[in-house]
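Trainee: One structure coming up, written as structure tokens, with questions to follow.
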Amino acid sequence: MSDRTPAENTAAREAILARIREALRVPAPPPHLSGHAAAAAPEPNGRPGLMILPAEAGRPWLPDGGDTPAESLRILADNLAKLRAVFFQVPDLAAAADCLFAQARERDWQRVAWHDHPLVAGILAGIPCSTLRIDAPDEAFDKRSLEACDAGITACECLVAQTGSILVASDSCGGRALSILPHCHVVIATVDQVVPVLADALALIRDRHTANLPSMFSFITGPSRTGDIERILVLGAHGPKELIVILVG
Amino acid sequence: MIARNPIPHPTHAPPGAHEPATAKQQFLADAAEHIRDTGHRAFVRKALGGYYKSRDTQQARYRDWEQARDAASLAKWSAVNRLDELLPRFVAAFEANGGRVHWARDAAEARAIILGLLEQANAKAVIKSKCMTSEEIHLNAALEAAGYGVVESDLGEFIQQLRGEPPYHFVFPCMHVRRDEISDLFGKHLGTPPTDSPEELTMIARRHMRRLYVEADVGITGANFLVAETGQISITENEGNARLTVALPRLHIAISGIEKVVERLDDLAVLLPMLATAGAGQPMTCYNTLYSGPRRAGERDGPEEMHLVLLDNSRTALLADAEQRDALHCIRCGACLNVCPIFKNVGGFTYGTTYQGPIGSVITPHLRGVANWNHLSGASSLCGACTDACPVRIDIHHHLLHNRRNAARTAPSRLEKLGHRLFVFVASRPWLFAAGGWLFRKSLPLAKALKPPLLSAWLATRDLPPAPRESFRAAWQRRRR
């Protein structure tokens, strides 16, 4: 069997789009809502327009993300604890390095992987184990060596208070595998990277939607987990068993 | 190589592999068997007990869950009703990001596309993350028949693959399997010592799978949302297996139904937390990942190519039914299964469908034919628990009624018609109605004792209440005096 020709793909595309256009000729009834009216914006072609909730800005009905930076920070710390992530807040980079080294000694890490980022590179010198730089320019990416590492140390794009999530991107956080393959994921971030709600993080992604959009953005919410066996929670299904967040500032 | 892996890859008996004409009989037979299995029912209820607790805890964190449902419902309503505009917009943005889109009218076309891509890439070993669309098109059987090694990486799906069974529940695939059965299964296939610890069992799968991620050359995933604004696909998972599936192999193939489009990236600010809360009682699922094409210049890892198969497979037939179009809002959270009294009693396999439970009963007649699948519309007490649980406000239990009505219109049952005519005749003649009631009250004890053919099946598992001494009308008259 060989790949389909572009003409075959176009034919399938046209057939499906024609079915969709035909199906949508009959308008659907408006959605059932809990009471308050939705505003329907009319569309030029006379079809039902996009319906939006009047009070959508800010979404005051989702879980709270805090109104002030201090409140957001408290909610973030609270959420990370509930997610069974390990959270440290330290005053400066030197303290962050001390904190990281203590984790390395406590867990007896033999080798950690990292990527070149001022926050990561700035605290790694002197760590009591060997290191693997994942983005060294003169070396090919080696997934087997990375798999053998005890921890992956990355920066992040931002932290979301509302959900306790950490946003990583493939271009600024060491690629796709560094934050998921090693058994422990350590995130080094600064306190000004905390945003209140998910929408803020998505706005940040949209702003980066330029010619060179990173190929992956991932919201990481706690260590990897599963409940597939009798719905009993187990941490560390396939991704990191431990998530350590060190927040500087 | 995974292709030489000692694990046999049992071919799933696809749901509906039996003759369609017997789908209803199959349902009735399986349901009767499951209902008698009280141990199984108790086990499933216990497994769901934790879900109710954590779902309630998480829902309480929303400042207004009902308004959040409104917003989620509107986001999906707007997208589904503008699919003709948003789907091409998504595809243009996705291809601008470097991915390739393949359109599939039906399951056979989707399978052929994927087999073509694997051959072109000279692939041998395939690793998959959880993907219900691939179950829908029976992809694993097709890949295995073509000689590819396929491994399901999601723990629940992996267990089901080893068992040679399809998923029991489309979010919790092996929720019906006890830990000792899993221990035996791993012992048999992976040669591991027995254990009764869910944690140790999970670690066995973890250790086994790690090698396979590194060795596989193709990763196949589903997609939860297609973002028209940015051309990204969003994948939601807890275990990290999808992240690994899309990080290490050199080819990424995603399969998605055409209805998964949302207009704005910002819509995910509502949909991602609600999917997690409704589906598993979590604030957010552990990994929510947006992919836009293969590895970029300057990125060190990730696949060389990314392909997306967009699947119709009768979704446009459901789209054409304006009354039930909202069934396409479904984000596959599984909340309606978890609260459904029918699902909890008959179990997931009885449905014989890819999508089980209330939402499956609504959409399957559209996807696979009303004639053979309408019996699922009867698999409901119409209690509406599913509709209340749905985060995107699909009117599920009314759609089950709509399907019953449509079936009555297209293929009316003569017996039912006769019954209704008889009822109208009796009910419109008060003396006859009263006489009928008297006869019923007098003959009920006799019917209980004799167990005549039509009643015996009912009486085998149920008790009849004692007959009232007088009719409701008589009691009412007496009270008014």
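Residue numbers (the working numbering), protein chains in the order written: chain A, 7 to 255; chain B, 272 to 752.
Even for Gly, the Cβ is constructed at its ideal location relative to N, Cα and C.
Nothing here was measured: the structure is a model prediction, and the numbers come from that model.
Looking at the secondary structure, which residues open and close the beta strand (DSSP E) in which T196(A) lies?
Mentor: 190-196
Trainee: Between the C-alpha atoms of E423(B) and S405(B), what's the straight-line distance to the nearest angstrom?
Mentor: 11 Å
Trainee: Compare the C-beta of M403(B) against all C-beta atoms of chain A and say whether one is closer than 8 Å.
Mentor: no
Trainee: Indicate whether at least one CB of chain A lies closer than 8 Å to the CB of V397(B).
Mentor: no
Trainee: Using three-state DSSP, classify W702(B) as helix, strand or coil.
Mentor: helix
Trainee: If you measure from the beta carbon of R19(A) to each beta carbon in chain B, is any gap under 8 Å?
Mentor: yes
Trainee: Against I491(B), what residues of chain A qualify as contacts under a CB-to-CB distance less than 9 Å, listed in chain order?
Mentor: In chain order: nothing, as chain A lies at least about 16 Å away.
Trainee: Helix or strand or just coil, what does DSSP make of W115(A)?
Mentor: In this structure, W115(A) counts as coil in the three-state DSSP scheme.
Trainee: Hey, how far is the Cα of I194(A) from the Cα of L204(A)?
Mentor: So the alpha carbons of these two residues sit roughly 20 Å apart.
Trainee: From F620(B), P438(B), L582(B), G490(B), pick the residue whose C-alpha is nearest to that of I398(B); which is it?
Mentor: G490(B)
Trainee: With DSSP collapsed to three states, give me the class of R334(B).
Mentor: coil
Trainee: Please confirm whether T74(A) has its beta-carbon closer than 8 Å to some beta-carbon of chain B.
Mentor: no
Trainee: Closer than 9 Å, Cβ to any Cβ of chain B: which residues of the region 232-245 of chain A, in chain order?
Mentor: T232, G233, D234, I235, E236, R237, I238, L239, V240, L241, G242, A243, H244, G245
Trainee: Enumerate in chain order the residues of its own chain whose CB-to-CB distance from K719(B) is below 6 Å, with the five nearest sequence positions on each side excluded.
Mentor: L735
Trainee: Where G763(B) and W702(B) are concerned, what is the direct C-alpha to C-alpha distance, given to the nearest angstrom?
Mentor: This structure cannot settle anything about residue 763(B), because the visible part of chain B is limited to 272 through 752.
Trainee: Rounded C-beta distance between I226(A) and Y558(B)? I'm assuming under 8 Å.
Mentor: 6 Å
Trainee: Please report the Cβ distance between A346(B) and V541(B), rounded to the nearest whole angstrom; I am assuming they are in contact, meaning their Cβ atoms lie under 8 Å.
Mentor: 6 Å
Trainee: Report the CB separation of F361(B) from A513(B) in whole angstroms; it is logged as a contact under 8 Å.
Mentor: No, F361(B) and A513(B) are not in contact; Cβ-Cβ is about 20 Å, not under 8 Å.
Trainee: Shorter than 8 Å from the beta carbon of G64(A) to some beta carbon of chain B?
Mentor: no
Trainee: Three-state secondary structure (DSSP) at Y322(B)?
Mentor: helix
Trainee: Taking the C-alpha atoms as reference points, what is the distance between P286(B) and A413(B)?
Mentor: Residue placement at P286(B) is flagged as unreliable, the pLDDT there being 46, under the threshold of 50; a coordinate-derived value is accordingly withheld.
Trainee: For the beta strand (DSSP E) that contains W374(B), what are its first and last residues?
Mentor: 371-375
Trainee: By the 7 Å beta-carbon criterion, what residues does the region 406-422 of chain B contribute toward chain A?
Mentor: none
Trainee: Could you please give the first and the last residue of the uninterrupted beta strand (DSSP E) stretch that includes M577(B)?
Mentor: 576-582
Trainee: Once you ignore the five residues that flank S136(A) on each side, which residues in its own chain have a CB closer than 6 Å to its CB?
Mentor: R117
Trainee: Below 8 Å on the Cβ atoms is my contact criterion, and I expect L249(A) with V92(A) to pass it. Report the Cβ-Cβ distance as a whole number of Å.
Mentor: 7 Å
Trainee: Going by DSSP in three states, G528(B) sits in which element: helix, strand or coil?
Mentor: strand
Trainee: Flag P465(B) as yes if its beta-carbon sits less than 8 Å from any beta-carbon of chain A, otherwise no.
Mentor: no
Trainee: Which runs of the alpha helix (DSSP H) fall wholly inside the region 140-221 of chain A and span at least 4 residues, in chain order?
Mentor: 149-153, 204-213
Trainee: How would you label I252(A), buried or exposed, when you count the other beta carbons within 10 angstroms and need 16 or more for buried?
Mentor: buried
Trainee: Evaluate T681(B) with the Cβ neighbour count: other Cβ atoms within 10 Å of its Cβ, from every protein chain shown; 16 or more gives buried, anything less gives exposed.
Mentor: exposed
Trainee: What residues of chain B sit near W67(A), judged by a beta carbon separation below 7 Å?
Mentor: Y333, R334, D335, Q338, A339
Trainee: At the 8 Å Cβ level, is G511(B) part of the contact set with chain A, yes or no?
Mentor: yes
Trainee: Kindly indicate if chain A contains any beta-carbon less than 8 Å away from that of Y439(B).
Mentor: no
Trainee: Do you know how far the Cα of G649(B) is from the Cα of A313(B)?
Mentor: 24 Å
Trainee: Quick one: using the 10 Å Cβ neighbour count with 16 as the cut-off for buried, is H191(A) buried or exposed?
Mentor: Buried, by the Cβ-count rule.
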